[in-house]
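Structure record follows, encoded as structure tokens.
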């Protein structure tokens with residue numbers, strides 16, 4: 001009899017074999033007083049999954065195998081005795097973060113994603129259970145502290161809600177924290193998984209939202225999502241008519257190297273406008289001279305996920321405005337995970353605009 | 001008879017001979033309806049003067065010679081027929097900017113330093129008078145549009161007020177624009193001309209203001225200026241006790257290359273804290289990965305001078321709080337300008353904390 005309860009997941013054994021998934025059992029963290037145990041229905045596919053399993057973000061805890069996936073929607077099977085935020089049977093979601101101290105100034109100030117002790121939904125050792133590694137949503141179940149479990153509004157189908165739990169909140173948080181709304185002009189660099197939420201939420205919040213993309217190939221989609229227009233950086237003088245008119249640019253770019261003309265993007269910003277990166281490149285550095293920032297007093301920053309409060313607000317907005325993620329559903333299996341993650345690695349720009357693994361009952365039983 | 005009125009200045013003829021000053025006449029811009037003609041009393045010495053005359057910031061308009069100096073205090077000799085902001089005989093100052101369009105959104109919004117058409121007090125062609133180059137304060141007189149002429153409060157001696165017109169406002173503007181005040185913790189990187197104003201104004205505004213310096217050699221001075229303390233970056237673990245506690249860091253550093261550990265500075269910032277550079281390096285680039293910004297969602301930016309409104313507010317604060325610049329007075333002459341600017345170039349850290357050229361009457365007549 002195992003020391004721990006066990007769940008089943010589609011796991012990768014090492015970065016060297018990251019395209020091979022093994023359906024196998026793993027030790028679950030012990031069920032604790034504030035935990036919610038969730039039977040998973042579906043899980044969105046995030047580039048973080050690739051960066052983690054291929055070792056691009058550095059070494060990870062693999063042990064016998066690691067399940068990734070952190071855009072999880074499922075049903076609360078049971079809740080711990082101290083849980084007050086979630087009810088048994090409720091449809092709920094879990095995103096990319098599953099732990100923080102909840103006691104520091106950051107945590108007490110709706111900034112728990114910036115807690116110095118924050119831990120990820122997968123690949124992180126649970127502080128209370130050394131040796132037990134958090135496992136993501138390509139699994140049958142997940143156990144998560146209620147603070148990182150979010151009720152899903154009835155208006156949103158599970159596969160539509162799932163990608164909002166990482167890609168959605170990652171775009172939503174910097175928009176609201178930087179005042180995106182009526183009278184503001186917002187640019188979204190890159191129309192992929194993150195970017196399409198930038199447009200959906202930017203427009204829903206009332207900001208004049210523009211897509212900034214290499215070509216015009218996604219212009220029609222952008223407009224359907226609510227964009228005011230698209231700027232194609234491959235066109236000469238693309239930035240000229242819009243210089244110093246943007247209040248905020250959210251960059252989803254993963255590559256700040258060769259060909260990324262930061263100065264051209266910054267030229268779009270109005271006085272003290274902000275360029276906020278939400279992409280997480282494996283190895284890419286922004287190079288700026290103070291002179292480039294000086295002409296408009298603009299700022300360059302980054303943003304990491306969003307708070308519980310923002311997650312609830314985001315779902316409320318999505319439900320009220322009937323915002324639907326653009327999702328490609330893929331039945332979960334060893335083969336399909338391999339194919340999907342390879343695809344995302346090789347050609348992420350072709351996804352329109354988020355994969356979501358579904359059909360969990362077939363893989364794990366009802 | 002010359003086509004233009006002429007003033008006398010201490011001019012440099014080319015970047016190759018930047019340490020040689022020539023006392024000579026130059027063409028003044030024609031006196032216009034909104035102009036104030038100022039007989040100069042003194043002028044602070046700014047690193048910009050060096051960067052300009054030695055070519056470090058690129059090519060400049062030298063013509064027969066260029067007078068630099070943009071921390072100018074003097075007496076309004078006469079005012080143009082449309083001038084309403086300045087009275088004849090008033091003691092006034094001129095800073096580093098002397099022109100902008102005054103019609104664009106930036107100009108109309110107290111952001112005239114970010115006007116796309118802004119021009120410097122020296123070395124810039126006057127838009128209305130092609131071929132006539134603006135000349136700075138190492139001269140007998142200056143003619144400036146009233147928007148860039150500021151009454152000096154009686155409480156402030158001229159040589160104390162002068163350095164506030166560039167170094168002062170450069171530090172003051174980002175402090176007030178980023179909320180420095182009671183309950184806020186502010187860091188000032190580098191205790192030089194700019195930095196000492198960062199401390200004086202940061203403390204006067206009510207912020208807990210720390211100096212961040214290589215060594216402790218200026219700690220006593222820092223405290224006299226109002227600093228809460230000094231962090232010495234040469235000490236191991238210097239940033240540890242202060243991690244994620246600063247709301248704002250104003251960097252006066254001119255060198256972001258080897259030895260400048262940006263990540264360590266950023267580690268000091270609280271969630272969405274800002275690192276604002278006011279230094280203007282000749283050739284230095286900040287390198288950041290989004291991951292470095294991501295842990296606190298902090299922002300990196302720059303700031304350029306300050307608006308007329310801020311200039312007036314700054315002088316009011318300085319007068320009320322009896323803030324005195326720390327100034328070393330130097331009688332103006334060819335030899336002394338050469339020595340002073342070479343000194344600033346070679347060993348700017350040794351200046352305590354601003355040179356100001358004085359004794360103009362001896363050089364130019366009463």
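Protein chains in written order, with UniProt numbering: chain A, 1 to 366; chain B, 1 to 366. We put the beta carbon where it would ideally sit given N, CA and C, even for glycine.
Looking only at its own chain, which residues have a Cβ that is under 8 Å from the Cβ of residue i, when we skip the five neighbours before and after it?
i                      : result
residue 175 of chain B : 186, 198, 201, 202, 205, 207, 248 and 250
residue 104 of chain A : 115, 116 and 117
residue 5 of chain B   : 27, 28, 30 and 31
Taking all protein chains shown into account, decide if residue i is buried (16 or more other Cβ within 10 angstroms of its Cβ) or exposed.
i                      : result
residue 163 of chain A : buried
residue 1 of chain B   : Interpretation of residue 1 of chain B is limited by its pLDDT of 46, a score under 50 that renders its predicted location unreliable; the figure taken from the coordinates is listed afterwards. With fewer than 16 other Cβ atoms within 10 Å, it is exposed.
residue 182 of chain A : exposed
residue 61 of chain A  : exposed
residue 229 of chain A : exposed
residue 320 of chain B : exposed
residue 296 of chain B : buried
residue 254 of chain B : buried
residue 82 of chain B  : exposed
residue 112 of chain B : buried
residue 316 of chain A : exposed
residue 35 of chain B  : buried
residue 23 of chain A  : buried
residue 347 of chain A : exposed
residue 134 of chain A : buried
residue 173 of chain A : buried
residue 109 of chain A : exposed
In this structure, how does DSSP classify residue i when only helix, strand and coil are distinguished?
i                      : result
residue 354 of chain A : strand
residue 152 of chain B : coil
residue 47 of chain B  : helix
residue 17 of chain A  : helix
residue 261 of chain A : coil
residue 52 of chain B  : helix
residue 115 of chain B : coil
residue 198 of chain B : helix
residue 321 of chain A : coil
residue 128 of chain B : coil
residue 120 of chain B : strand
residue 365 of chain A : coil
residue 247 of chain A : strand
residue 329 of chain B : strand
residue 176 of chain A : helix
residue 316 of chain B : helix
Determine, using beta carbons only, whether residue i and residue j come nearer to each other than 7 Å.
i                      : j                      : result
residue 323 of chain B : residue 96 of chain B  : no
residue 357 of chain B : residue 327 of chain B : no
residue 11 of chain B  : residue 69 of chain B  : no
residue 86 of chain B  : residue 142 of chain B : no
residue 18 of chain B  : residue 63 of chain B  : no
residue 196 of chain B : residue 42 of chain B  : no
residue 32 of chain A  : residue 7 of chain A   : no
residue 156 of chain A : residue 93 of chain A  : no
residue 98 of chain A  : residue 9 of chain A   : no
residue 227 of chain A : residue 215 of chain A : no
residue 122 of chain A : residue 131 of chain A : no
residue 364 of chain A : residue 48 of chain A  : no
residue 271 of chain B : residue 90 of chain A  : no
residue 280 of chain A : residue 169 of chain A : no
residue 74 of chain A  : residue 39 of chain A  : yes
Leaving out the 5 sequence neighbours to the left and right, which residues in its chain are closer than 6 Å to residue i when beta-carbon positions are compared?
i                      : result
residue 277 of chain A : 251 and 302
residue 300 of chain B : 275
residue 184 of chain A : 207 and 247
residue 355 of chain B : 45, 328, 330 and 340
residue 218 of chain B : 191
residue 298 of chain B : 266, 269 and 273
residue 188 of chain B : 195, 198, 199, 211 and 250
Near residue i, what residues of its chain come up, given a Cβ to Cβ distance below 7 Å and the 5 sequence neighbours on each side ignored?
i                      : result
residue 88 of chain A  : 76, 78 and 79
residue 362 of chain B : 331
residue 286 of chain A : 256, 262 and 300
residue 359 of chain B : 331 and 332
residue 367 of chain A : In the structure as shown, chain A begins at 1 and stops at 366. Residue 367 of chain A is therefore absent and cannot be evaluated.
residue 318 of chain B : 156 and 164
Would the beta-carbon of residue i be found less than 6 Å away from any heavy atom of the ligand GTP?
i                      : result
residue 206 of chain A : With respect to the ligand GTP, the structure offers nothing, as it holds no ligand at all.
message = Under 8 Å: do the stretch 143-159 of chain B and the stretch 209-228 of chain B share three or more Cβ pairs, one atom per stretch?
response = no
message = Across the stretch 335-350 of chain B and the stretch 306-313 of chain B, are there enough close Cβ pairs to call them in contact, namely three or more that are closer than 8 Å?
response = no
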